[in-house]
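Numbering-wise (my numbering), the sequence shown opens with residue 479 and increments by one. We treat Cβ as the ideally placed atom computed from N, Cα and C, and that holds for glycine.
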Amino acid sequence: MRFTHQGQRSTNCLLSDKAFQGFLVIAVIGGLLGFGVIASAAAGIAKILFFIFLFIMGHASRGRTVSGHTKEFQTYLLPWFTHHLRKTLNMTRSARSNVFGRSS
479 MRFTHQGQRS TNCLLSDKAF QGFLVIAVIG GLLGFGVIAS AAAGIAKILF
529 FIFLFIMGHA SRGRTVSGHT KEFQTYLLPW FTHHLRKTLN MTRSARSNVF
579 GRSS
């Protein structure tokens with residue numbers, strides 16, 4: 479993902495959401511194939527990378543009001559992120575309970 483600002487060159491994020499998506503795919507495939515330990519480890523790593531990505535994105539867009547993007551972020555993107563964050567946490571909890579043999 480690239481973050482740009484007026485008068486500055488675009489820079490690549492050190493940690494992109496591609497790594498998060500990769501670990502999430504590994505977790506899903508591992509869970510489907512019955513590798514519970516690998517699936518839970520990959521899901522944990524994906525969750526940590528997701529939070530780091532959100533922090534970097536929030537920090538990079540902090541204080542930059544180019545044509546009202548801050549208001550757009552608060553109005554549209556922030557509710558979308560919180561919804562998917564809650565959904566991800568619920569999926570991780572249910573996957574963890576299924577790994578240990580408890581029903582959710």
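Query	Result
Cβ-Cβ separation, F501 to A520 (assumed contact under 8 Å), whole Å	5 Å
Local conformation of G508 per DSSP, three classes	helix
Cβ pair F528, T566 closer than 8 Å	yes
A519 beta carbon near the ligand PLP (any heavy atom closer than 7 Å)	The model depicted lacks the ligand PLP and carries no ligand whatsoever.
For F501, the three-state DSSP class (helix, strand or coil)	helix
Best match in V503, L556, T560 for proximity to I523 [C-alpha to C-alpha]	V503
Three-state class that DSSP yields for F529 in the structure shown	helix
Buried or exposed (CB count within 10 angstroms, at least 16 for buried), G536	exposed
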